[in-house]
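Have a look at the structure below, then the notes.
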């Protein structure tokens with residue numbers, strides 16, 4: 017039976033660092049990534065794709081802010097939904113074209129995905145996730161007064177809005193995603209961590225102003241889609257310990273216990289590799305296999321000869 021793999025594409029698979037954020041640039045990057053995903057499909061794997069949306073949702077928020085005198089801005093959960101549609105469309109179209117070129121007949125479908133979080137999550141008391149554009153200190157104070165936003169200074173680059181980043185509890189469309197995968201379809205889902213929603217006391221769901229970490233949500237998707245492999249694609253070929261130091265060392269195949277030890281030793285920052293390692297360990301704890309690698313090495317990583325593996 018074919019193994020099921022959830023592929024979590026990092027932001028660089030859609031928009032590379034310092035690259036102008038035009039639609040054409042993003043589409044070209046997605047086309048290149050789709051070629052590698054098609055290689056995985058051609059190798060016989062059942063594939064579910066998720067992706068980041070940081071640059072894209074940031075642009076949508078900026079467009080909202082620039083046009084606020086003409087059109088009322090949309091809330092953050094709606095902007096997240098917009099970015100899912102934008103990226104899902106590019107991936108869906110590019111992958112369909114690439115599969116057709118190779119004579120492959122699998123269906124591709126993009127599912128607008130909502131991720132349930134808890135209203136009691138402590139993240140709502142302590143927003144930490146920076147989003148959107150940079151402001152001067154004076155502008156930031158105006159935003160605090162006018163909109164009640166939480167604003168923080170961001171690494172000397174200016175002030176930014178910070179929002180909660182709660183833990184994902186469940187993927188609401190998981191059953192539908194499972195059915196599509198079992199039918200043989202390639203599914204794009206849970207983009208940008210999914211649209212964050214809470215379940216109210218009457219059982220209805222409601223969007224909330226938050227951003228869910230894409231790696232944590234990807235791990236939850238992999239769990240609920242009953243994946244055999246959770247692959248996080250990033251801009252480096254391996255995870256490193258002592259990164260940037262003379263004793264820097266690339267990690268190949270490591271155990272869950274080794275990974276936990278490296279976390280305790282403080283090798284992975286919360287702003288980059290930390291969430292990926294956390295998600296990989298959590299998935300490996302279920303007796304499954306997690307991989308962190310570059311998009312170029314994806315097929316080799318599935319063969320066990322590239323990337324960092326935690327099991």
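In this note's numbering, the protein residues as written are 17 to 327. We put the CB at the ideal spot given by N, CA and C, even for glycine.
Residue i and residue j closer than 9 Å at C-beta
| i | j | result |
| --- | --- | --- |
| residue 235 | residue 295 | yes |
| residue 22 | residue 267 | no |
| residue 130 | residue 221 | yes |
| residue 320 | residue 269 | yes |
| residue 169 | residue 153 | yes |
| residue 271 | residue 305 | no |
For residue i, the nearest candidate out of the options (CA to CA)
| i | options | result |
| --- | --- | --- |
| residue 16 | 273, 286, 282 | No answer is possible for residue 16: it lies beyond the span of the chain, which begins at 17 and ends at 327. |
| residue 195 | 106, 64, 269, 316 | 64 |
| residue 226 | 95, 153, 301, 82 | 95 |
| residue 211 | 161, 204, 132 | 132 |
| residue 293 | 303, 18, 278, 320 | 278 |
| residue 303 | 230, 239, 181, 318 | 239 |
| residue 182 | 204, 320, 232, 158 | 232 |
| residue 93 | 254, 300, 301, 223 | 223 |
| residue 164 | 56, 284, 177, 275 | 177 |
| residue 147 | 228, 255, 43 | 228 |
| residue 276 | 288, 116, 257 | 257 |
| residue 53 | 327, 80, 38, 24 | 24 |
| residue 27 | 190, 37, 20 | 37 |
| residue 115 | 88, 83, 55 | 55 |
| residue 219 | 188, 167, 281 | 188 |
| residue 288 | 230, 184, 113, 45 | 230 |
| residue 359 | 175, 171, 88 | Any property of residue 359 remains undetermined from this structure, which presents the chain solely from 17 to 327. |
| residue 18 | 166, 316, 61, 80 | 61 |
| residue 144 | 91, 180, 301 | 180 |
Sequence-distant residues of its chain with Cβ nearer than 8 Å to residue i (five each side left out)
| i | result |
| --- | --- |
| residue 192 | 127 |
| residue 173 | 150 |
| residue 58 | 118, 120 |
| residue 125 | 108, 196, 201, 202, 203, 204 |
Close Cβ partners of residue i (< 7 Å) along its chain, the five nearest in sequence each way excluded
| i | result |
| --- | --- |
| residue 103 | 30, 67, 69, 72, 207 |
| residue 265 | 256, 257, 258 |
| residue 185 | 132, 133, 134 |
Closer than 8 Å: residue i CB and nearest the ligand GDP heavy atom
| i | result |
| --- | --- |
| residue 145 | Judged by which ligands are present, the structure shown has none, so any question about the ligand GDP falls away. |
Same chain, Cβ closer than 6 Å to residue i, five either side skipped, listed in chain order
| i | result |
| --- | --- |
| residue 298 | 235 |
| residue 284 | 290, 293 |
| residue 42 | 30, 31 |
Handout entry: Contact the stretch 125-143 vs the stretch 245-256: 3+ CB pairs below 8 Å
Key = These segments do not touch.
Handout entry: Sufficient close CB pairs (3 or more, under 8 Å) joining the stretch 90-105 to the stretch 72-81
Key = The stretch 90-105 makes contact with the stretch 72-81; the number of CB pairs closer than 8 Å reaches 3 or more.
Exercise for the section: Go through the stretch 128-175 residue by residue and report every complete run of the alpha helix (DSSP H) that reaches 4 residues or more, in order. Expected result: Runs of the alpha helix (DSSP H) lying entirely within the stretch 128-175 and spanning at least 4 residues, in chain order: 153-163.
Problem - the stretch 105-119 / the stretch 43-58 touching (three or more Cβ pairs under 8 Å) - result: Because the criterion of three Cβ pairs below 8 Å is met, the stretch 105-119 and the stretch 43-58 touch.
Exercise for the section: Determine, using beta-carbon pairs with one atom in the stretch 297-317 and one in the stretch 249-266, whether at least three such pairs fall under 8 Å. Expected result: Contact check between the stretch 297-317 and the stretch 249-266: three or more CB pairs, one atom from each, fall below 8 Å, which counts as touching.
Practice task
Entirely within the stretch 241-281 and at least 3 residues each: give me those beta strand (DSSP E) ranges in chain order.
Solution key: Listed in chain order, the complete beta strand (DSSP E) runs (minimum 3 residues) inside the stretch 241-281 are 245-250, 255-257, 265-267.
Handout entry: In chain order, each alpha helix (DSSP H) run of at least 4 residues that lies wholly inside the stretch 35-117
Key = Those alpha helix (DSSP H) runs which fall completely within the stretch 35-117 and span 4+ residues are 39-58, 70-82, 92-117.
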